[in-house]
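S.K.: Numbering (this note's numbering), first residue to last: 1072 to 1400.
Even glycine gets a Cβ: it sits at the ideal position worked out from N, Cα and C.
Owing to the predicted nature of the structure, the values given are computational and were not obtained by experimental measurement.
Right, I'll just put the structure down here and ask away after.
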Ligand code: GLU
């Protein structure tokens, strides 16, 4: 044997003796798995960060390392996961439902995403409408003729905005000047006078609404009231409240405003290995208190409600943990 080879073998023997782990496993490169989130001023991006922070503490146990990517949002994330470009993603519960079922009026009409799998739900999100006070907008109907951001095509909110407008008889292609900007761009454009209002489906508080309510142009949150028939038609929507007070002191509102909402959920593909999904779910649930401390939008989370709002089947790696923890039979 050459000297160098003898040295490597000797090192391996020492490593085995010290750690009890075979050197191959100890030194194998960790598997990098990427989480798709949303814009940097939303809540998905810090949510991906919170999950990665907790799970990566055990990177050596699972031999995986989570990384976080800012993306265009829910629709982008689902499609990228299905194509194998991302392993995990934060997505709206309504989008999860539509993608798995190939819902008629969605991006996945006739193309059910049968490999989509759920892990857990996270914070609630409200369809949130903010308008400039000087634009004279006091209701959704007042958006007619105005310049309104309904959301970029990869976002979850775009279809939510269209659903509200359509339900109230507003044709988004004709009756308003609809913009397709990313959520991170809208606050600056509203403050600059290049937008009259924007929709964003997001948890609260969010950086986007902090920014939009901190400028010199006076802005206010607009109530979104919908008839019962709306909730009958779209089973994945439920009435909600935008918690304005305490979160956005710069807004002109004197009370919280009614709207409707969905949930942020965490998803993957059936092609991602059970051991990785199991590791993510186990670390999140076993460090639940730490998770809750990482963002004010998580204050309402319970271990029980983190299993609500999932419409795609649970990934087997997630189910294994829930059964082990007695959370599921
Ligand atoms: N709900 C938005 C979407 O699905 C993202 C919100 C966020 O980034 O917090 O595109």
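I'd like the list of long-range same chain contacts for residue 1179, defined as Cβ closer than 7 Å, with 5 residues on each side in sequence excluded.
M.R.: Contacts found: 1169, 1170 and 1173.
S.K.: Could you give the DSSP three-state label for residue 1307: helix, strand or coil?
M.R.: Residue 1307 falls in the coil class under three-state DSSP.
S.K.: Near residue 1296, which residues of its chain fall below 7 Å by C-beta distance, leaving aside the five closest residues on each side in sequence?
M.R.: Here the set comprises 1329.
S.K.: Which residues share a DSSP beta bridge with residue 1385?
M.R.: DSSP, once it has assigned bridges, lists 1189 as partnering residue 1385.
S.K.: Assess, as a yes-or-no matter, whether the region 1349-1359 is touched by the region 1311-1320 under the definition of 3 or more beta carbon pairs within less than 8 Å.
M.R.: No: fewer than three Cβ pairs fall under 8 Å.
S.K.: Between which two residues does the beta strand (DSSP E) holding residue 1137 run?
M.R.: Counting along the chain, the beta strand (DSSP E) containing residue 1137 begins and ends at 1135-1140.
S.K.: What is the C-beta distance between residue 1197 and residue 1145, in whole angstroms, given that I count them as a contact (C-beta under 8 Å)?
M.R.: Not a contact, Cβ separation roughly 15 Å.
S.K.: How is the beta strand (DSSP E) around residue 1250 delimited, first residue to last?
M.R.: Element bounds for residue 1250: 1248-1250.
S.K.: Helix, strand or coil for residue 1425 per DSSP?
M.R.: Since the displayed the chain opens at 1072 and closes at 1400, residue 1425 lies outside it and no answer follows.
S.K.: With respect to the alpha helix (DSSP H) encompassing residue 1145, which residues constitute its N-terminal and C-terminal limits?
M.R.: Start and end: 1145-1153.
S.K.: Among the residues of its own chain, which have a CB less than 8 Å from the CB of residue 1379, if the five just before and after it don't count?
M.R.: Answer for residue 1379: 1192 and 1334, listed in chain order.
S.K.: With a threshold of 16 other CB atoms inside 10 Å of the CB of residue 1253, please say whether the residue is buried or exposed.
M.R.: Answer is buried; the Cβ neighbour count reaches 16.
S.K.: Is residue 1254 near the ligand GLU - that is, is its Cβ less than 8 Å away from at least one heavy atom of it?
M.R.: Checking the Cβ of residue 1254 against the ligand GLU gives yes.
S.K.: May I ask whether a heavy atom of the ligand GLU can be found less than 8 Å away from the beta carbon of residue 1174?
M.R.: Residue 1174: no, Cβ never under 8 Å from the ligand GLU.
S.K.: Using 8 Å as the threshold, is the region 1100-1119 in touch with the region 1154-1162, meaning 3 or more CB pairs across them?
M.R.: With the cut-off at 8 Å, the region 1100-1119 and the region 1154-1162 touch.
S.K.: Between the Cα of residue 1388 and the Cα atoms of 1117, 1149, 1283 and 1343, which residue gives the shortest distance?
M.R.: When only C-alpha atoms are compared, the closest one is 1343.
S.K.: Tell me which residue opens and which closes the beta strand (DSSP E) that residue 1163 is part of.
M.R.: Note, residue 1163: beta strand (DSSP E), 1159-1163.
S.K.: Below 8 Å, how does it come out for the region 1264-1273 and the region 1221-1235: are there three or more Cβ pairs, yes or no?
M.R.: Contact between the region 1264-1273 and the region 1221-1235 is present, because at least three Cβ pairs lie under 8 Å.
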